[in-house]
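Since the structure comes first, as structure tokens, the remarks are kept for the end.
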Amino acid sequence: MRSQTDKEEHGEIVALCWSIWQSRNNLVWNQKKCEVNFVVFSTKQYLAEWKNTQVMSTQALYQDVKHGDGAISWVRPKKDVVKITIDAALFAESSKYGIGLLARDDKGDVIQGRSEVFQGVVLQEFAEAIAVKEALSWVKGREWREVVVESDCLAVVQAIRSNVDMRSPFGSLIMECRLMISELNIDLCFIRRSANMAAHCIVRESCSFPGRVFDRRSVPVELESILLADLFE
């Protein structure tokens, strides 16, 4: 028991030091001062979310994968189906995180792409869950009859599919995603990073182009070669 307690205390100390370091960087580089209470709160939130994602990752090892999971290259959707690939990235130096979304049709043509940037220091899994939520909200406002959403974050995909109740900001976000999926004709799948290079390219540039929206007539130059490669994989 003492050993487990020591491990938990050690984890709290490490997380607190990390939060203090992040707050110091925020003050030096962004001239933003964080209150002590906020630093402590963010530390507790970070630990709670980290523990939740570790539980989900462990469970994922024992859960059956769905048909369509684990693709190593991008695959065109079935006729009249829209496929959205999503990704998220952390920008620790500016205390921000971004998401990239790309919708394509059954011919592989771009319907629309988007990138967004948010302020905050979060875990990668939290940012990936935000990307799922934004994709679902996007679908809700369109007239797409059938949609496949693909993410390369297995922990988030498994968390949304499971019935585990997680009492944390991450858990609340997962619950929102579950609710939206239950209301829409959407299939959520896990893909490998190699099948998600287009969304990765979009999110990588999101900090430089926050709020960017494009369609097939205005595809970013850096994305063109990836889209072409996806068609011939």
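In our numbering, each residue carries its 1-based index in the sequence shown increased by 482. We put the beta carbon where it would ideally sit given N, CA and C, even for glycine.
Inset, instruction - Report the residue ranges of all beta strand (DSSP E) runs contained in full by the stretch 573 to 617; include only those spanning at least 3 residues, in chain order. - result: Qualifying beta strand (DSSP E) stretches, in chain order: 578 to 586 and 592 to 601.
Inset, instruction - Confirm, please, whether the CB-CB distance from Lys578 to Val630 is below 8 Å. - result: Working through the sequence shown from its first residue, we reach residue 630 at position 148. Working through the sequence shown from its first residue, we reach residue 578 at position 96. Contact flag unset, no.
Inset, instruction - Report yes if the C-beta distance between Lys561 and Asp588 is below 8 Å; otherwise report no. - result: As a first step, residue 561 is located in the sequence shown; it is residue number 79 there, counting from the start. As a first step, residue 588 is located in the sequence shown; it is residue number 106 there, counting from the start. Yes, Cβ-Cβ distance for Lys561 and Asp588 is below 8 Å.
Legend entry - Cβ neighbour criterion (16 or more within 10 Å) applied to Gln640: For the purposes of this step, residue 640 is identified with residue 158 of the sequence shown, where counting begins at 1. By the neighbour-count definition (other C-beta atoms within 10 Å, threshold 16), Gln640 is a buried residue.
Inset, instruction - Give the secondary structure of Phe652 by DSSP, where H, G and I count as helix, E and B as strand, and everything else as coil. - result: As a working mapping, residue 652 is identified with position 170 in the sequence shown. Three-state result, Phe652: helix.
Inset, instruction - Check whether the stretch 694 to 713 touches the stretch 643 to 658, counting contact only when three or more Cβ pairs, one atom from each stretch, lie closer than 8 Å. - result: Touching, no, given that fewer than three Cβ pairs across the two stretches are closer than 8 Å.
Inset, instruction - In the DSSP assignment, find the unbroken beta strand (DSSP E) run with Val631 in it and report its ends. - result: One-based indexing of the sequence shown puts residue 631 at position 149. Element bounds for Val631: Val629 to Ser633.
Inset, instruction - Go to Cys683, then tell me how far its beta strand (DSSP E) extends in each direction, as first and last residue. - result: Within the sequence shown, the letter at position 201 stands for residue 683. Per DSSP, Cys683 is not a residue of any beta strand (DSSP E); the alpha helix (DSSP H) it occupies stretches across Met679 to Arg686.
Legend entry - Reduced DSSP secondary structure (H/G/I, E/B, other) of Ile673: Position 191 of the sequence shown, counting from 1, holds the residue named residue 673. It is a strand residue.
Inset, instruction - Report the partner residues of Asp569 according to the DSSP bridge assignment. - result: Sequence index remark: in the sequence shown, residue 569 carries index 87 (1-based). Note: Asp569 sits in a beta bridge opposite Gly582.
Inset, instruction - Quick one: residues in its chain with C-beta nearer than 7 Å to the C-beta of Val599, no 5 flanking neighbours on either side, listed in chain order? - result: As a working note, residue 599 is residue 117 in the sequence shown. Lys578, Gly580, Ser688, Cys689 and Pro692, listed in sequence order.
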